[in-house]
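Trainee:
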Amino acid sequence: MPLIVLALLLANLATIAFFGLEVYLWREWYLHKDILVDQDYARNCLIGAVAMLLYLLMGKSVIRMLLGKKRQGEDEPEASRFPDQQQLQRPDGSVINIEYGGTKGKQTIVFIHGWNSNSMQWYYQKKHFGNDYHLVLMDHPGLGKSKRASNKDFSLEKLASDLDAVIDYSGAKDPILWGHSMGGMTILTFCKVYKHKLSAIKGIILEHTTFTNPVKTAILSRLLMTIQNSVLKPICWLMVLFSPLLWISRWMSYLNGNMLVMTRFLTFAGTQTGKQLDFASYLSAMAPPAVTGRGVLAMFDYDATNVLPEIFVPTLIIGANKDRLTKLEASIIMKERIPGSKLLTLQPAGHMGFVERHREVNEAVSQFILQTKLVS
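Its first residue numbered 279, the sequence shown is counted upward by one per residue in the working numbering.
Here it is, written out as structure tokens:
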């Protein structure tokens, strides 16, 4: 999401500043440690340098404790994958990793994750739906275990093409499509590009997503629209150019807790556990900055407004009252324009509602599937 680009930049700059201060303090200690009149100053520099080093390496633990909430009996998420996986080679050179889980022969649900993440984000959904459904999970190109395309194409049309290929390759018959954020945009683009195949789609779940350029449906939308071309696009290209350096900085931000702060205030509502916060931050740290940047550039050209009235597939839309990246208003508009669609509003919840409010989400999806008779 475009707003994440700014947040990641701030987290990276803060980490670089802390690292610079760390180097400065060690240098000052080294230069003054043998000067008699500067012993107190040298000692203070040493104490500061050691404290800063501990923060840079272990600050995450403190931040996680401060920002996490204790929830009795909560099942804490783990970054794990199903062992049954296949690699789908695409004509553009990309390789899409596909995971299979659940119960074969049952109704298939295809999960499409959000940007700056990967298919491991569906921890709670895999556990909840695994006994009664066949689960197919895909990684977007360049994320998770998937390889990016040779032509560096990250357009929504490309992602929709990958989804179409995954459905065919996996043999999913009359699947239910469940997309979060960029995954939801991928589904809507699929609906636009592959209208002739919608009759073979049994149901759609659009979670914390939008129907147009997300700059228009995020908080601070007026500001973001104003600076899209002059600020956001150059930042995205800088992320592409300096990806290796920024990736190191991103992992440092994860270790020192800066990324957890960013993740908490952008994607959660405040009811998340420390482990859930760490989990989402860890998945974000895994994403190469170049892929993040190119994906956000592709979002600027995204629009699926016109296809909404043409979606006659049973659709559940999940929004959240504190989603700062795709505001609830976007979910309401989709509910109004997609014929017969239903809207679930999570509260309090943010952009990671399927983690923060996983029980409510999973139960609502289960009821939606049963009530609309998506399972024969």
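Cβ atoms here follow ideal geometry from the backbone N, Cα and C, with glycine treated the same way.
Give me the Cα-Cα distance between residue 282 and residue 493, rounded to the nearest whole angstrom.
Mentor: Roughly 11 Å separates the two Cα atoms.
Trainee: In terms of residue numbering, what span does the beta strand (DSSP E) encompassing residue 270 cover?
Mentor: Only positions 279 to 654 of the chain appear in this structure, which leaves residue 270 out of reach.
Trainee: Write down the C-beta distance between residue 537 and residue 562 rounded to the nearest angstrom, noting that I regard them as a contact closer than 8 Å.
Mentor: That belief holds up - the Cβ atoms of residue 537 and residue 562 are roughly 7 Å apart, short of 8 Å.
Trainee: Grouping DSSP H, G and I as helix and E and B as strand, with all else coil, what is residue 354?
Mentor: Three-state result, residue 354: coil.
Trainee: Compare the beta carbon distance of residue 484 and residue 390 with 7 Å and say whether it is the shorter of the two.
Mentor: Contact flag unset, no.
Trainee: Below 7 Å CB to CB, which residues in the same chain sit around residue 299 once its five sequence neighbours on both sides are set aside?
Mentor: So the qualifying residues of the chain are 330.
Trainee: Just to confirm the assignment: which complete alpha helix (DSSP H) runs, minimum length 4, are found wholly within the region 546-600?
Mentor: Counting whole runs of 4 or more residues, the region 546-600 contains the alpha helix (DSSP H) stretches 552-563, 567-577.
Trainee: Could you tell me the alpha carbon to alpha carbon distance between residue 620 and residue 375, rounded to whole angstroms?
Mentor: Roughly 31 Å between the two C-alpha positions.
Trainee: Distance, Cα to Cα, residue 632 vs residue 388?
Mentor: Answer to the nearest angstrom: the Cα atoms are 15 Å apart.
Trainee: Please check the pair residue 426 and residue 574, which I expect to be a contact at CB under 8 Å, by giving their CB distance rounded to whole angstroms.
Mentor: At roughly 15 Å, the Cβ-Cβ gap does not stay under 8 Å, so residue 426 and residue 574 are not in contact.
Trainee: What is the DSSP secondary structure of residue 389, counted as helix, strand or coil?
Mentor: The answer is strand: DSSP assigns residue 389 an E or B state.
Trainee: Let's test the definition: count the other Cβ atoms within 10 Å of the Cβ of residue 357 and tell me whether it reaches 16, buried, or not, exposed.
Mentor: By the 10 Å Cβ count, residue 357 comes out exposed.
Trainee: Closest to residue 634 by C-alpha separation, out of 612, 556, 590, would be which residue?
Mentor: Cα-wise, what sits closest to residue 634 is 556.
Trainee: Candidates 508, 498, 365, 580: which alpha carbon is nearest residue 544's?
Mentor: The option with the nearest alpha carbon to residue 544 is 498.
Trainee: Should the region 454-461 be called in touch with the region 390-408, which here means at least 3 C-beta pairs below 8 Å?
Mentor: These segments touch.
Trainee: Using only CA atoms, which one of 428, 528, 378, 400 lies nearest to residue 369?
Mentor: Nearest option by C-alpha distance: 428.
Trainee: Of the residues 567, 547, 401, 590, which one's Cα is nearest the Cα of residue 627?
Mentor: For the residues 567, 547, 401, 590, the minimum Cα distance to residue 627 belongs to 547.
Trainee: The alpha helix (DSSP H) with residue 405 in it runs from where to where?
Mentor: Residue 405 -> alpha helix (DSSP H) spans 401-407.
Trainee: Leaving aside the five residues before and after residue 643 along the sequence, list all residues of the same chain whose C-beta is less than 7 Å from its C-beta, in chain order.
Mentor: Result list for residue 643: 483, 594, in chain order.
Trainee: Please return the same chain residues whose Cβ sits closer than 8 Å to the Cβ of residue 584, not counting the five positions on each side in sequence.
Mentor: If we look at residue 584 and ignore the five residues flanking it on each side, its Cβ neighbours are 470.
Trainee: Any contact of the region 517-533 with the region 326-346, i.e. 3+ C-beta pairs under 8 Å?
Mentor: Yes, the region 517-533 is in contact with the region 326-346.
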